[in-house]
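Sequence order for the protein chains is D and Y.
Residue numbering for the first sequence follows this note's numbering, beginning at 10 and increasing consecutively.
Residue numbering for the second sequence follows this note's numbering, beginning at 29 and increasing consecutively.
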Amino acid sequence: MKRLFTLVTLLSLPFLITSCIKKEAKPKETETPKTTDTTPNNLVKLGETFINGAAAKAVVYGTKEPETGYNEIYVALFDSTDGSKLSRGHFKIVPMMDMGSMQHSAPVENSGDTASTNGYFKSAVIFSMAGSSEQWWLNISFHNHKNNKYGTGKFNLAVKSSSPAKFKSTVVAADNNSSVFISFVNPSKPIVGINDFEVVLHKKKSMMEYAPIDDYTIEIEPTMPSMGHGSPNNVNPTLTSKGHYKGKVNFTMSGLWRITLKLYKNDTLVSSDQYFEITIEE
Amino acid sequence: MIWRIIILLLFAQTYLLGQQQTSKDSVKTVDLNEVCIHESADPENQSFNFYKSSKLATTEDILSRMEGVNLIRRGAYGLEPTIRNYSAGQTNITIDGMRIYGACTDKMDPVSIYIEPVNLQSIQVAHGAAGALNGSTIGGQINFNLKEPDYFCNKKLHGQFSQSYATVNNGYNTTASLQQTLNKFSYRISGALRDADNYRSGSGTIIQNSGYHKSNVSTVLAYKIDSLQSLKLNYLGDWGKNIGYPALPMDVGLAKANIASLTHQLLFKGKYLQANEAKVYYNSIYHQMDDTHRSNIAMHMDMPGWSTTYGFYNNISTKKDFNLRLDYHRAQTRADMVMYPANEPIMYLQTLPENIFSDMGLAMSRKISLKHKQQVGFNARVDYISQSGMNGAGVKQWEVFDTDITEVKRNVLKNFNLHYGKFFKDKFFAKITLGYGERVATSNERYGYYLFNRQDQYDYLGNLSLKPEKSFQSELLFRYASKKAECSLNFFYHHTNDYIYAYRMAGYSQMTPGALGLKTYTNIAYAESRGGEMSLKYYISEKLTYIGTAKYVYALTNNGTPLPLVPPLKLQQALRYAFKFTQIQLEYDYAASQKRVNQDYGDKATPDFHLLNFRVSHNFKIKYGIIQIGAACENILNANYREHLDIGQVPRFGRNFTLNLSVLF
């Protein structure tokens with residue numbers, strides 16, 4: 010009854026023939042790191058170290074707690090004498106893993122920029138396995154253009170296993186038995202609808218050397234494992250630069266999705282059983 | 029004038045009931061308690077009048093015997109009425125002129141489920157564009173009028189109680205009603221409870237998931253402002269629980285409907301104007317499909333649906349049979365699918381993205397009697413319809429198909445209907461009707477997102493850019509009426525351009541596990557349908573009456589492919605013997621086989637069947653009223669049969685004995 014009276018009241022108002030629908034506000038663009046000493050809102054502090062010899066101190070941030078797979082790294086550098094921010098120089102990261110009997114590195118993307126962007130030197134590290142802070146560390150070297158001095162530093166950090174896995178390693182027999190690393194980059198915030206899809210491929214050349222793969226073609230197929238269906242109108246990722254392949258992936262509903270990748274080299278299928286899983290919350 | 033007749037009839041009925049006269053007429057009058065007054069004045073509705081007077085008939089029984097009406101069956105409950113070959117969006121099914129949209133994307137909740145014989149006054153069926161007074165249509169309209177209190181009878185309290193039992197599904201059906209007029213106020217309240225277990229088919233098989241439980245309450249409160257004006261407040265509530273749909277992969281766990289309206293009626297004293305009726309209404313439907321009673325379920329799934337509609341209409345009529353109607357309604361619908369896989373996150377999507385359908389319409393009709401017993405009638409309607417998807421999950425889902433469903437789709441629909449009729453020697457009447465009607469794509473057809481269709485096992489995707497169907501129609505009616513016999517013969521031919529038709533989307537895959545692929549809708553060049561209805565009522569003797577109806581439809585696409593769900597030839601005959609307080613009725617139904625099927629749609633050929641039913645009832649007078657006892661045996665031959673419009677080829681009831689006890693006071 011109450012509803013009815015509400016209705017009657019409503020009906021006495023002029024009718025709207027068509028409804029006005031407000032466009033949803035656009036999601037805020039990811040904030041670029043601000044030039045402050047405090048940890049920016051959207052970043053996580055991974056560690057800090059003095060760059061001995063360059064009179065500098067590096068404070069290292071990530072977009073998330075370090076985990077296996079692709080990790081974006083933002084480094085702020087400060088003058089260790091007056092604490093001012095350093096914006097010019099050559100900067101490089103080398104990740105290292107100590108497995109007791111042996112040591113190895115991991116793929117890394119150093120921008121090679123000589124100037125920081127918005128106060129940060131950007132790079133990315135692909136942690137290839139989980140490990141404690143006694144096992145993983147980052148070697149940081151910096152050529153400080155302010156004083157033209159060169160130095161290095163390092164700090165340890167723990168790397169957890171990404172779940173669901175954002176890193177896959179497979180031996181590709183058809184490519185000279187190379188170890189190929191497939192790292193999931195995007196969508197980092199998957200939604201129902203259209204998503205940017207991005208992976209980065211690396212080939213292990215030695216324990217210390219990893220090279221981006223630029224000569225593969227990739228096909229993706231998203232499916233929902235518990236229902237067996239896929240989604241339409243996906244765009245296969247194509248090479249953009251340095252082992253990065255970008256395309257579009259579509260999700261028609263929330264829930265668990267599996268994106269299976271088929272890798273081709275010279276039109277030959279070299280890998281077809283690697284996949285990434287993504288959960289879209291309701 | 030009509031009002032006066034109604035008053036007289038109602039009064040006569042009450043008077044006779046009250047006095048319990050034993051004249052020959054009183055048998056009829058006792059039955060008259062259930063006979064519709066409006067309808068008795070409508071010679072085109074013989075079968076309604078005839079079958080409604082049987083205490084044992086359900087709304088669906090009555091519907092299935094009306095001219096041109098067939099039922100799509102998905103379970104023992106919730107049969108969907110169709111008119112000729114037209115279903116759902118092509119027809120308008122209304123209650124007291126109110127638009128109500130089902131909340132179920134599987135059409136488990138046609139509007140007719142809210143109607144119980146105990147709250148039903150009359151059913152108006154109009155075929156084709158002739159039914160467009162209340163809303164644009166190409167198929168026609170079925171309007172159910174809810175029972176009203178007898179405003180004009182004395183202040184006595186009247187009521188009835190009825191209990192039925194059916195053996196085929198251990199079904200109990202209890203109904204009751206009360207009504208009274210107190211000075212300016214009148215009220216009527218009625219309720220129905222229906223419970224049934226799984227039923228047994230003709231082969232003796234128990235049809236799993238076919239039981240149901242529901243309750244229905246219908247109330248009306250009327251207030252007579254003065255001798256010319258009255259106000260009427262209606263509320264109808266319907267609650268269903270665990271309703272089985274053996275033809276579908278899911279059942280209904282819970283269904284709720286709240287339907288309310290406020291009506292103002294005004295009679296004019298002057299020379300020109302006759303009456304004005306204004307109504308505001310609101311209804312909300314909630315519907316939840318579930319599969320918890322099904323075995324072999326890979327994963328539990330919920331499919332809730334919502335539908336909320338409000339609207340108004342104002343209808344003014346003159347003493348010269350001119351009607352002008354303005355109406356508006358706005359419906360908001362949405363259906364979700366939620367799946368619960370083991371050890372995985374919940375999966376969710378909107379199978380019908382939330383959307384708004386709004387419709388402003390202006391309609392008029394005029395009937396003119398000419399000399400030489402000729403008449404001309406004309407009606408026209410224009411609708412301004414807008415449809416749009418609402419922001420939410422559905423919008424994002426549709427982006428995958430590069431489609432923005434928030435785009436507002438606007439259509440102006442036009443409907444015209446013109447008829448010319450002439451009496452020959454008072455007994456013969458011939459009428460020719462030319463009509464044009466349009467109908468817009470339904471929300472399912474526009475916005476549906478992987479809606480699974482059990483019939484062809486395909487998922488269906490809507491098509492935002494569907495054009496309206498446009499139908500050119502002609503009908504020819506012959507009628508003969510004498511004291512001894514009434515006969516009518518009706519032929520029709522409809523040519524519908526831009527017919528909305530489904531096709532397979534190559535290269536796209538289904539979503540529903542086990543489905544065969546993905547389909548969507550398109551406008552095909554045209555579809556044609558033709559056929560006819562025939563009815564004969566013959567008074568063999570004073571006590572013995574025969575009624576027979578036949579209906580046939582032949583419908584094709586422009587490629588010559590039969591349209592889906594087209595019923596075959598059907599004959600329904602009944603012989604009734606009425607003597608004093610006893611009534612005996614024998615019914616014989618026959619449906620021819622249907623081999624002209626649409627295989628793409630998953631139609632399967634249906635064999636013919638013969639059905640025999642027998643009904644008997646007797647009335648006993650008691651001090652304060654009447655006790656009526658009825659018994660019936662339906663499907664006497666225990667035929668294992670199904671009708672062509674039965675989804676999933678699930679057989680119907682086997683032999684069924686029903687018992688009914690009613691008390692009327």
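Positions of the beta carbon are idealized from the N, C-alpha and C atoms, including for glycine.
Any Cβ of chain D within less than 9 Å of the Cβ of residue i?
{"i": "Y:P332", "result": "no"}
{"i": "Y:A555", "result": "no"}
{"i": "Y:Q48", "result": "Confidence at Y:Q48 is low in this model, with a pLDDT of 31, below 50, so the placement of that residue is unreliable and no value is reported for it."}
{"i": "Y:Q485", "result": "no"}
{"i": "Y:Y478", "result": "yes"}
{"i": "Y:S537", "result": "yes"}
{"i": "Y:F429", "result": "yes"}
{"i": "Y:E662", "result": "no"}
{"i": "Y:A619", "result": "no"}
{"i": "Y:Y376", "result": "yes"}
{"i": "Y:Q425", "result": "yes"}
{"i": "Y:A285", "result": "no"}
Candidates the options: which alpha carbon is nearest residue i's?
{"i": "Y:A469", "options": "Y:K455, Y:F456, Y:G490", "result": "Y:G490"}
{"i": "Y:I287", "options": "Y:M367, Y:T86, Y:D89, Y:I143", "result": "Y:I143"}
{"i": "Y:K565", "options": "Y:Y227, Y:N419, Y:L673, Y:T577", "result": "Y:T577"}
{"i": "Y:K184", "options": "Y:I552, Y:L210, Y:Y580, Y:A104", "result": "Y:L210"}
{"i": "Y:S563", "options": "Y:Y508, Y:N587, Y:Q611", "result": "Y:Y508"}
{"i": "D:E275", "options": "D:P196, D:S263, D:T48, D:A183", "result": "Here residue 275 of chain D is Asn; the residue named in the question, Glu, does not match the sequence. The shortest C-alpha separation from D:N275 is found at D:A183."}
{"i": "D:Y79", "options": "D:P104, D:T90, D:G98, D:N61", "result": "D:P104"}
{"i": "D:S215", "options": "D:N186, D:I229, D:A174, D:W266", "result": "D:N186"}
{"i": "Y:M367", "options": "Y:G156, Y:Q378, Y:E427", "result": "Y:Q378"}
{"i": "Y:S557", "options": "Y:T524, Y:T233, Y:L249, Y:Y567", "result": "Y:T524"}
{"i": "D:N204", "options": "D:H253, D:E228, D:S172, D:N259", "result": "D:N259"}
Helix, strand or coil for residue i? Go by DSSP, reduced to three states.
{"i": "Y:V581", "result": "strand"}
{"i": "Y:K284", "result": "strand"}
{"i": "Y:R474", "result": "helix"}
{"i": "Y:G187", "result": "strand"}
{"i": "D:A124", "result": "strand"}
{"i": "D:V53", "result": "strand"}
{"i": "Y:Q118", "result": "helix"}
{"i": "Y:R683", "result": "coil"}
{"i": "Y:Q611", "result": "strand"}
{"i": "Y:E671", "result": "coil"}
{"i": "D:E218", "result": "coil"}
{"i": "Y:S255", "result": "coil"}
{"i": "D:P116", "result": "coil"}
{"i": "D:S89", "result": "coil"}
{"i": "Y:S92", "result": "helix"}
{"i": "Y:P369", "result": "coil"}
So, is the C-beta of residue i closer than 9 Å to a C-beta in chain Y?
{"i": "D:E291", "result": "yes"}
{"i": "D:F193", "result": "no"}
{"i": "D:S171", "result": "no"}
{"i": "D:N259", "result": "yes"}
{"i": "D:I200", "result": "yes"}
{"i": "D:A221", "result": "Residue identity check: residue 221 of chain D is Pro in the sequence provided, not Ala. No - not a single Cβ of chain Y is within 9 Å of the one on D:P221."}
{"i": "D:S197", "result": "no"}
{"i": "D:N245", "result": "no"}
To which residues does DSSP link residue i through a beta bridge?
{"i": "D:W145", "result": "D:M106"}
{"i": "D:T269", "result": "D:E230, D:Y284"}
{"i": "Y:F172", "result": "Y:I123, Y:I151"}
{"i": "Y:I664", "result": "DSSP lists no partner for Y:I664."}
So, residue i versus residue j, is the Cβ gap smaller than 9 Å?
{"i": "D:L95", "j": "D:K163", "result": "no"}
{"i": "Y:G167", "j": "Y:R409", "result": "no"}
{"i": "Y:Q622", "j": "Y:H646", "result": "no"}
{"i": "D:F151", "j": "D:K198", "result": "no"}
{"i": "Y:Y580", "j": "Y:K598", "result": "yes"}
{"i": "Y:M375", "j": "D:S280", "result": "no"}
{"i": "Y:Y227", "j": "Y:G239", "result": "yes"}
Kindly indicate if chain B contains any beta-carbon less than 9 Å away from that of residue i.
{"i": "Y:M278", "result": "Protein chains D and Y are contained in the structure displayed, whereas chain B is not."}
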